[in-house]
Amino acid sequence: MYPLQNLHTFAFPAYAADFLLVSSLAELQESWHSSVKQSYYILGEGSNTVFLEDFNGCILKMAIKGIELQETEEKFILKVGAGENWHQLVEWCLAKGINGFENLALIPGTVGAAPIQNIGAYGVEVEQFIDSIEYLCLVSGTIKHIRRAECQFAYRDSIFKRALAGQFIIGSVTFSLNKHWLANASYAELRELAEPSARDIFDKVVQVRQRKLPDPKKLGNAGSFFKNPIIDKALFVQLQQRYPHIPSYPVNTEQVKVPAAWLIDTLGFKGHKIGGVMCHAQQPLVLTNDGTGSGSELVALAQKIKHAVQQSFFIELENEVQLVSNAGLVHI
Ligand code: FAD
Ligand code: EPU
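Oh and the sequence shown: position 157 is 157 in my numbering, straight run, nothing missing.
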């Protein structure tokens with residue numbers, strides 16, 4: 001049995017039946033049929049994964065390393081191994097004068113997981129820097145490349161969560177960053193920065209994140225537990241009559257995005273606990289484990305919140321996190 005408590009940031013004390021460290025996509029391709037005979041779960045740094053209980057399968061822990069840098073007159077091209085740490089890549093780039101990733105500082109996890117939910121924060125999503133992605137196709141057994149335009153990137157979404165779900169293992173991501181850099185300080189918390197450098201934005205993002213979000217090393221959590229829901233304008237107008245202060249962000253002419261934190265906060269869930277699992281008192285979109293919590297308590301709290309939001313706002317919250325039970329992924 002392989003302990004998983006330190007391999008996912010929610011830190012429930014679960015075990016896996018089997019474990020394989022993946023340090024090369026080509027090696028995995030060769031050994032796939034002999035080494036992975038049972039159910040499996042591909043794991044980066046477990047910052048968007050919660051092991052609710054023991055997992056009766058094989059963990060494929062992504063450890064493919066390496067950063068290759070090339071330059072053209074206009075761009076930096078970076079091919080980065082899936083097992084590299086995202087924040088360390090952001091820091092590495094900043095130190096080399098390669099700008100662009102700074103708004104995405106301090107997002108936990110690996111480079112390989114970043115395109116899957118199209119990580120985003122402070123006005124930027126990773127899709128804008130992606131050139132292509134190399135993956136092992138588990139249907140054909142071949143190594144393939146997919147270009148950004150084919151990835152169907154959207155808010156916390158991509159083809160990897162849709163048509164390709166369960167069919168791929170990402171080995172590396174190739175990024176393309178313009179040498180001609182423009183600051184993106186459009187997000188509310190960054191607007192106070194006057195003519196910021198990439199370092200100024202990086203520092204501010206780190207500061208805001210450290211203030212708002214609990215550090216998983218000190219308090220188990222997986223960041224935002226739910227996605228911010230995108231709803232029809234007709235429903236939003238209806239809700240506005242009852243809740244005149246309901247916030248929203250424009251999405252398109254038909255839809256708006258509503259902060260799930262506001263919905264959960266308005267229903268009074270901040271600080272609400274079931275056993276060792278709590279709705280965080282500063283950021284209610286984050287659920288936490290005080291070290292004594294269990295998977296069943298987390299599911300109970302998440303279901304309670306979802307039910308209350310549905311009843312009061314007619315909105316179905318969707319999980320952002322991946323929940324893994326004994327047999328694999330589960331949906332609540
Ligand atoms: P894991 O949890 O290990 O895996 C996530 C999913 O990707 C799983 O389905 C897994 O099977 C799959 N996967 C991982 N690697 C591969 C691979 N190489 N090939 C195929 N499948 C793979 N996210 C944001 O977008 N913005 C934020 O601001 C943000 N803030 C966060 C703050 C905190 C405190 C925490 C704990 C999380 C936050 N997150 C945020 C979520 C998380 O950081 C991202 O989802 C991150 O990309 C997860 O990386 P990981 O390596 O930990 O993924
Ligand atoms: N709000 C409240 N009460 C609170 C906190 C927030 O009502 O206690 C409302 C406010 O209206 C606030 C709004 O919620 O303006 C948004 O809050 P915040 O800026 O903290 O961001 P968020 O929408 O909760 C999203 C991402 C984060 C990302 C930040 C910054 C999602 C699901 N979450 O959070 O990503 O870091 O914006 O860009 O989109 C993650 O994905 O794990 C994650 C942490």
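Here a beta-carbon is modelled for each residue, glycine too, at the ideal position from N, C-alpha and C.
Since the model is a prediction, treat every value here as computed from it, not as a measurement.
Kindly indicate the opening and closing residues of the beta strand (DSSP E) around residue i.
i	result
glutamate 91	Glutamate 91 -> not in any beta strand (DSSP E); alpha helix (DSSP H) instead, spanning 86–95.
glutamine 174	Sequence check: residue 174 is threonine here, not glutamine. Segment 168–178, the beta strand (DSSP E) holding threonine 174.
aspartate 232	230–232
valine 277	277–279
valine 330	328–330
asparagine 221	220–224
Should residue i be listed as close to the ligand GDP, given that the test is whether its C-beta is under 7 angstroms from any heavy atom?
i	result
arginine 211	Inclusion of the ligand GDP in the displayed structure is not the case, the ligand content consisting of the ligand FAD and the ligand EPU alone.
If you run the structure through DSSP and keep just helix, strand and coil, what is residue i?
i	result
glutamate 45	coil
glycine 293	coil
alanine 26	helix
glutamate 320	coil
aspartate 157	strand
serine 248	coil
glutamate 344	Since the displayed the chain opens at 1 and closes at 332, residue 344 lies outside it and no answer follows.
threonine 110	strand
serine 39	coil
alanine 121	strand
isoleucine 59	strand
phenylalanine 51	strand
lysine 273	strand
alanine 165	coil
leucine 336	One cannot answer for residue 336 here, as it falls past the ends of the chain, which runs 1 to 332.
serine 325	strand
valine 286	strand
glutamate 102	helix
phenylalanine 314	coil
valine 237	helix
leucine 138	coil
Pull the bridge partners of residue i from the DSSP assignment, please.
i	result
isoleucine 146	Ile133
phenylalanine 76	Glu71 and Leu177
glutamine 255	Asp232
glycine 3	The identity of residue 3 in the sequence shown is proline, whereas the question assumes glycine. DSSP lists Tyr15 as partners of proline 3.
glycine 83	None; glycine 83 has no bridge partner.
Considering residue i, what are the terminal residues of the alpha helix (DSSP H) in which it resides?
i	result
leucine 263	260–266
alanine 198	198–212
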